[in-house]
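In our numbering, the protein residues as written are 1 to 366. Data block below; observations after.
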Amino acid sequence: MKQTNIPVMRPHLPPLEEYYREIQSVWDNHWLTNSGPKHTEFETQLKRYLSVDNIALFTNGHLALEAAIQALELTGEVITSPYTFASTTQAILHSGLTPVFCDISPDSYTMDPSKIEALITPRTSAILPIHVYGNVCDYEAIDSIAQKYGLKVIYDAAHAFGIRVNGKSIADLGDASMFSFHATKVFHSIEGGALVYRRPELEDILRSWKNFGIVDVERVERVATNAKMTEFQACMGLCNLRNLSQTMESRKKAVQRYRNHLGQHPGLLLSPEVPGVTYNYAYFAVQVIPEEFGESRDELAQKLESKGIQTRKYFYPLTSQLSIPGLKAQHTPIAEKVSSQILTLPLYTDIALEDVDKVCEAVLEK
Ligand SMILES: *Cc1c(COP(=O)(O)O)cnc(C)c1O
1 MKQTNIPVMR PHLPPLEEYY REIQSVWDNH WLTNSGPKHT EFETQLKRYL
51 SVDNIALFTN GHLALEAAIQ ALELTGEVIT SPYTFASTTQ AILHSGLTPV
101 FCDISPDSYT MDPSKIEALI TPRTSAILPI HVYGNVCDYE AIDSIAQKYG
151 LKVIYDAAHA FGIRVNGKSI ADLGDASMFS FHATKVFHSI EGGALVYRRP
201 ELEDILRSWK NFGIVDVERV ERVATNAKMT EFQACMGLCN LRNLSQTMES
251 RKKAVQRYRN HLGQHPGLLL SPEVPGVTYN YAYFAVQVIP EEFGESRDEL
301 AQKLESKGIQ TRKYFYPLTS QLSIPGLKAQ HTPIAEKVSS QILTLPLYTD
351 IALEDVDKVC EAVLEK
């Protein structure tokens, strides 16, 4: 029998000809980075696509998140969730702040707003929730807590590009939202990221923050960094933005296929699809309940690997459990449980539906 070999993800690439056409003008004008014409065009198109007024581009999503934390002048403690990629917690720590970990909801895996208030102290300055796998945070509840206590809200929307909720862009929430355009995301610019923000006054700070704090040729006004997006990244983003609706459409088909096969199976939990949300089909995660499924998550991952099917324990471990000196572990029982049971299955733009069938067959094979 032919051994299958299905990766857990595969970056999407536009036709080479299309990228080639896009970068042609870069050869004509020799403008490679520092807010060139492609950068400007990409900004304009993203604003339109995301239905927002204010956006800043970065060389990656992580630095966009650090920029948000610093431009919004957060201090002290930031309430966040440990069920995320290392970046979220690192951005808080690297900015000299203390992450305070809030537990998650058992079905959406996003921050549980009913557990936020108990974590607020006089040192709390902000809430930093994550739209995990593109599941939308309970933003109304989060917003009302933030209003009540005068806290800022920054969303880690790295998984959520293109999502709309009852027709409203997900980018239009809180004080700011960070999007990651990393190669592994639904929409990418090789590496890259964007910050969408509410207050237009932040424009100058963000511009100088990503360019060494430079204000003009003779003035440097802050300790900052280099986090600029290049023209080549912007060109890749422009191509992928053009192809995005097809990308999402083919991922949607794969996810529907997965749901058909696995949606009703005892011991496998899937996040429910919430009516009114237009998803981007970024990830397909299953939560394995060993007592009902008959195998643990780790056993399932092992079984699939032995059949040439790659999976990812995403997110495991929790970021509160990373071995970072000074990081205080906190008890978040639901996040701990989900993290020990979750497995993301292969999903990428050009995955063949027959391969989805093969994965499901392998999952269910005893
Ligand atoms: C990918 C990701 C990031 C970081 O984005 P980069 O563009 O890789 O720097 C942050 N948070 C989450 C949840 C992510 O998945």
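Glycine included, each C-beta is placed from N, C-alpha and C at the ideal position.
- By the C-beta criterion, the segment 19 to 35 is judged not to be in contact with the segment 132 to 147, since fewer than 3 inter-stretch pairs fall below 8 Å.
- Approximately 4 Å separates the beta-carbon atoms of Ile170 and Ile163; this is inside 8 Å, confirming the contact.
- Taken from the Cβ of Ser180, at least one heavy atom of ligand 1 lies inside 8 Å.
- Shown here for His261: same chain residues with a beta carbon closer than 6 Å to its own, the five before and five after excluded, namely Cys360 in chain order.
- In this structure, the beta-carbon distance from Leu318 to Tyr83 falls below 9 Å.
- Taken in chain order, the unbroken stretches of alpha helix (DSSP H) that lie wholly in the segment 224 to 274 and span 4 residues or more are 231 to 242, 244 to 262.
- A distance criterion of 8 Å places the beta-carbon of Asn54 beyond contact range of ligand 1, judged by its closest non-hydrogen atom.
- Assigned with DSSP and collapsed to three states, Glu191 falls in coil, not helix or strand.
- Proximity of the segment 266 to 273 to the segment 106 to 126 meets the contact definition, three or more beta-carbon pairs being nearer than 8 Å.
- In this structure, Leu46 has its CB at a distance of at least 8 Å from all heavy atoms of ligand 1.
- Exclusion of the five residues before and after Trp209 leaves Ala67, Ala224 as the residues of its chain whose Cβ lies within less than 6 Å of its Cβ.
- Within the segment 165 to 212, the complete beta strand (DSSP E) segments at least 3 residues long are 176 to 180, 193 to 197, listed from N- to C-terminus.
- Short note on Thr225: C-beta not closer than 8 Å to any heavy atom of ligand 1.
- Counted as a single uninterrupted DSSP element, the stretch harbouring Val356 is not any beta strand (DSSP E) but the alpha helix (DSSP H) occupying residues 353 to 364.
- Bridge partners of Ala285 according to DSSP: Thr344.
- When the five nearest sequence neighbours on each side are left out, the beta carbons in the same chain lying within less than 7 Å of the beta carbon of Asn243 are those of Pro14, in order along the chain.
- Taken from the Cβ of Ser87, at least one heavy atom of ligand 1 lies inside 8 Å.
- If only uninterrupted beta strand (DSSP E) runs of at least 3 residues are considered, those enclosed by the segment 36 to 67 are 55 to 58.
- With respect to the 9 Å criterion, Ser339 and Phe315 are classified as neighbours on the basis of their beta carbons.
- Excluding sequence positions up to five before and after Glu231, its CB lies within less than 7 Å of the CB of Val26, Trp31, Leu32, Thr33, Gly36, Lys38, His39, all in the same chain and listed in chain order.
- Distance from the CA atom of Thr98 to the CA atom of Pro333, rounded to whole angstroms, is 20 Å.
- Pairing Gly193 with Phe58 gives a Cβ-Cβ distance under 9 Å.
- Under the DSSP assignment, Ala126 falls in the beta strand (DSSP E) whose first and last residues are 124 to 128.
- Taken through DSSP and simplified to helix, strand or coil, Thr332 comes out as coil.
- For Asp156, the shortest C-beta to heavy atom distance toward ligand 1 is below 8 Å.
- Thr344 is positioned such that its CB atom lies closer than 9 Å to that of Ala285.
- For Leu244, the shortest separation between its Cβ and any heavy atom of ligand 1 does not lie below 8 Å.
- Between the C-alpha atoms of Leu65 and Lys366 there is a straight-line separation of about 43 Å.
- At a Cβ-Cβ threshold of 9 Å, Ile69 and Cys102 do not count as neighbours.
- With contacts defined by Cβ atoms closer than 9 Å, Met229 and Glu22 do not form a contacting pair.
- In the structure shown, Ile142 adopts helical secondary structure according to DSSP, grouped into three states.
- Exclusion of His12 from the 8 Å shell around ligand 1 follows from its C-beta lying no nearer than that to any non-hydrogen atom of the ligand.
- Residue burial annotation: Val356 is buried, with at least 16 other C-beta atoms found within 10 angstroms of its C-beta.
- Distance between Ile289 and Leu304, taken at the CA atoms: about 17 Å.
- Of all alpha-carbon atoms in His131, Leu327, Ser320, the one lying nearest the alpha-carbon of Gly174 is that of His131.
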